[in-house]
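Undergrad: Here it is, the structure in full.
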Ligand code: IFM
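As structure tokens, this is what we get:
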């Protein structure tokens, strides 16, 4: 009988090496770091909830007890990010102790049978890098390449799965267009396009750097996908805007990788990015919600676009000022179909809902897993699912206001309490994996990797 990651028996569509995980990011969980632009943003009073990141989930001192929690759910993978501002606190100065701590964390994951997925950039920049203009500066591409080389050189024996950038579309639109993330620019359309261009180039350089150091690396990025729907379907203007925002938000970065096209509007000036074409081994999708798009004269700085969520639609908790989005698990199919054109394996690198009382999270998890099952049954090459997130963590400009955890956290006392969803997720994984075909390739790869790190 044929065995292998894509061969399924009648009981389950999920192969044995399917990655079942949770996703996290350094600034949101580590705590105690004042050296990135988000710490400065907080100091400037820009967190809407006025919360402070403080110790976050205290991972810098103790990630391991949360790794135990993840392990107890039966997870075999965990996504975390490395914090550039810790590793290179000043330009050209490298902190070996910080790299050592990440080595400890990755080892701790292997010891618990979990495959680490490491993100190189998850929204945060060292202050020195931000002071140079962040990714708006042309030298950003070379600086990020140097950082990548250092990280992969130091951690490469412990990790094969790399995510270069988390949500380049969120980073540019919230930072340069809506003013909600640092540097807080509003309506800076051309700068946003330049930043996006540099992110594409930096991704491609990182892709090549990683593959030079590790021939069998699995490298991709995490694309945030939103299902946009016209607020008034009868309005031609709303329909047009909806298509426009879908292409700009969901497509810009992926298009660079798919066809080497520069981000809009730079492509209109004849720019292209031929070296970016084809630089991914997988597509990572972060999928959360559906939003309505409508035209309004009141908002010239956001190109007359108004985003809403109908109150009667299922949704988690609302942000301090704006709703988070409609919880719409069916939309996963749209996202997956959309990126299938890249003809690469797909990982769901994030999915979740802000839901302090666990009202709709169980429904969301179960419906999403059903969506995945039906997508895979029709031949879709899905390789993993990472729930956002394990333990409530610091939700950027919403602070502690929005709670995404399978475990509830009291940041003051650092105590955790399981939400019912955590047991549900564990049970669904067990059921999904019943009768899963064994994958000798996957087992061999895990064994080879752990032998490698044990030698060091
Ligand atoms: O917390 C964020 C994460 O950092 C990026 N993707 C969306 C999550 C929930 O909003």
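Residue numbers (the working numbering): 11 to 466.
Where a beta carbon is used, it is the ideal one built from N, C-alpha and C, also for glycine.
Keep in mind that this is a model prediction, so the values were computed, not measured.
#1: Given that a residue counts as buried once 16 or more other Cβ atoms are within 10 Å of its Cβ, and exposed if not, what is residue 72?
#2: Check residue 81 in the structure and name its three-state DSSP category.
#3: Just tell me which of 429, 418 and 432 has its CA closest to the CA of residue 67.
#4: Count the other CB atoms, across all protein chains shown, that sit within 10 Å of the CB of residue 180; report buried if there are 16 or more and exposed otherwise.
#5: What residue does the beta strand (DSSP E) around residue 519 start on, and which one ends it?
#6: Tell me where the beta strand (DSSP E) around residue 5 begins and ends.
#7: Helix, strand or coil: which one does DSSP assign to residue 196?
#8: Which residues in the same chain as residue 202 place their Cβ atom closer than 6 Å to its Cβ, once the five residues preceding and following it in sequence are excluded?
#9: Excluding sequence positions up to five away, which residues of its chain have a Cβ less than 8 Å from the Cβ of residue 155?
#10: Go ahead and pull the three-state DSSP assignment for residue 268.
#11: Could you give the uninterrupted runs of the alpha helix (DSSP H) lying entirely in the stretch 159 to 231, keeping only those of 4 residues or more?
#12: In whole angstroms, what is the alpha-carbon distance linking residue 329 and residue 408?
#13: Quick one: is residue 264 buried, meaning 16 or more other Cβ sit within 10 Å of its Cβ, or exposed?
#14: Say the cut is 7 Å; is the CB of residue 441 nearer than that to a heavy atom of ligand 1?
#15: Given the structure, does residue 406 come close to ligand 1, in the sense that its CB is under 7 Å from one of the ligand's heavy atoms?
#16: Considering only residues of the same chain and omitting the five flanking positions on each side of residue 20, which have a CB-CB separation below 6 Å?
#17: So, helix, strand or coil for residue 387, using DSSP?
#18: Report yes or no: do three or more beta-carbon pairs, one from the stretch 357 to 375 and one from the stretch 313 to 320, lie closer than 8 Å?
#19: Expressed to the nearest angstrom, what Euclidean distance is found between the alpha-carbon atoms of residue 16 and residue 347?
#20: Could you tell me whether any non-hydrogen atom of ligand 1 is closer than 7 Å to the CB of residue 59?
#21: Of the choices 261, 350, 268 and 86, whose alpha-carbon is the least far from that of residue 274?
#22: Near residue 151, what residues of its chain come up, given a Cβ to Cβ distance below 7 Å and the 5 sequence neighbours on each side ignored?
#23: Take every Cβ of the stretch 401 to 415, pair it with every Cβ of the stretch 52 to 66, and state whether three or more of those distances are shorter than 8 Å.
#24: On a CA-only basis, which of 438, 123 and 122 is nearest residue 372? Give me that one, please.
#25: With DSSP as the reference, identify every bridge partner of residue 395, one or two as the case may be.
#26: Quick one: complete alpha helix (DSSP H) runs, 4+ long, within the stretch 95 to 128?
#27: Are the CB atoms of residue 46 and residue 177 nearer to each other than 8 Å?
#28: Hey, is residue 360 close to ligand 1, as in C-beta under 7 Å from one of its heavy atoms?
#29: On the criterion of 16 or more Cβ atoms from any shown chain inside 10 Å, does residue 453 qualify as buried, or is it exposed?
#30: Going by DSSP in three states, residue 320 sits in which element: helix, strand or coil?
#31: List the DSSP bridge partners of residue 58.
#32: When you measure from the CB of residue 234 to every non-hydrogen atom of ligand 1, does any distance come out below 7 Å?
#33: Going by C-alpha to C-alpha distance, which of 300, 426 and 138 sits closest to residue 401?
#34: For residue 64 and residue 403, I'd like the C-alpha separation in whole angstroms.
TA: Let me lay it out:
#1: With fewer than 16 other Cβ atoms inside 10 Å of its own Cβ, residue 72 counts as exposed.
#2: When DSSP states are grouped into helix, strand and coil, residue 81 belongs to the helix group.
#3: 418
#4: buried
#5: There is simply no residue 519 to check, as the chain begins at 11 and stops at 466 in what is shown.
#6: In the structure displayed, the chain extends from 11 to 466; residue 5 sits before or after that span and is not available.
#7: Look at residue 196 here: in three-state DSSP terms it is strand.
#8: 182, 186 and 187
#9: The answer, listed in chain order, is 212, 215, 216 and 219.
#10: Assigned with DSSP and collapsed to three states, residue 268 falls in helix.
#11: 178 to 186 and 199 to 223
#12: 7 Å
#13: buried
#14: Because no heavy atom of ligand 1 lies under 7 Å away, the Cβ of residue 441 does not count as near it: no.
#15: yes
#16: Unreliable placement is indicated for residue 20, whose pLDDT of 45 sits below 50; the coordinate value is still reported in the next sentence. Nothing listed; no residue qualifies.
#17: helix
#18: Taking one beta carbon from each stretch, the stretch 357 to 375 and the stretch 313 to 320 have fewer than 3 pairs nearer than 8 Å; the two do not touch.
#19: Unreliable positioning characterises residue 16 in this predicted model, as indicated by a pLDDT of 43, which lies under 50. The coordinate reading is nonetheless provided below. Distance between the alpha carbons of residue 16 and residue 347: 18 Å.
#20: no
#21: Selected option, being the one with the closest Cα: 261.
#22: Counting only Cβ-Cβ distances below 7 Å, and skipping sequence neighbours, we find 208, 211, 212 and 215.
#23: yes
#24: Of the listed residues, the one whose Cα sits closest to residue 372 is 438.
#25: Residue 395 pairs with 30 and 358.
#26: Runs found: 106 to 121.
#27: With respect to the 8 Å criterion, residue 46 and residue 177 are not classified as neighbours on the basis of their beta carbons.
#28: yes
#29: Confidence at residue 453 is low in this model, with a pLDDT of 47, below 50, so the placement of that residue should be treated as unreliable; the coordinate-derived value is given next. Residue 453 is exposed by the Cβ-count criterion.
#30: coil
#31: According to DSSP, residue 58 shares a beta bridge with no other residue.
#32: Placement of the Cβ of residue 234 at a distance of less than 7 Å from at least one heavy atom of ligand 1 is found.
#33: 426
#34: 11 Å
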